[in-house]
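For the sequence shown, our numbering assigns the number 711 to the initial residue and increments by one for each residue that follows.
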Amino acid sequence: MFLSTLLQLFGLQRIAVVPVSGTDRIHGVLIAGWFRDKAMPNVDSTLFAKLTGLADQATNALEKAELVDRVQMQATTDALTGVANRRLFTE
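Encoded structure:
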């Protein structure tokens, strides 16, 4: 239902969906679509290898951003209470 609605809404003739998955969870999906009036590339293992490469790069970026957020929180809050520490107050 969702995919057919997506095809109709954007005027697409075909879509390819690849998961954006990390080591412990799925972050989302990468969706590539081709318009009805445009030439379509060959849908083969090469295309999915490229899409999987993009999904892997997105996974790396998301996980690194989460790590930076986690380190920032650890640096600015007390580990026991979760209250802001002196460093956060001075910033």
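All residues carry an ideal CB built from backbone N, CA and C; glycine is no exception.
A quick note: this is a predicted structure, and the numbers were derived from the prediction, not measured.
Cβ pair residue i, residue j closer than 9 Å
{"i": "Pro751", "j": "Val739", "result": "no"}
Residues of its chain near residue i, where Cβ-Cβ distance is below 7 Å and the 5 sequence neighbours each way are ignored
{"i": "Ala794", "result": "Thr786 and Thr787"}
{"i": "Ala742", "result": "Ile725, Ala726 and Leu761"}
{"i": "Gly721", "result": "Phe745 and Arg746"}
Reference residue i; option with closest CA among the options
{"i": "Lys774", "options": "Thr715, Phe758, Leu719 and Thr733", "result": "Thr733"}
{"i": "Glu801", "options": "Gln782, Thr791 and Leu790", "result": "Gln782"}
Cβ separation of residue i and residue j, assumed to be a contact under 8 Å, to the nearest whole Å
{"i": "Gln723", "j": "Phe745", "result": "7 Å"}
{"i": "Ser731", "j": "Thr769", "result": "7 Å"}
{"i": "Leu772", "j": "His737", "result": "5 Å"}
Segments assigned alpha helix (DSSP H), at least 4 residues, entirely inside the segment 757-787: none
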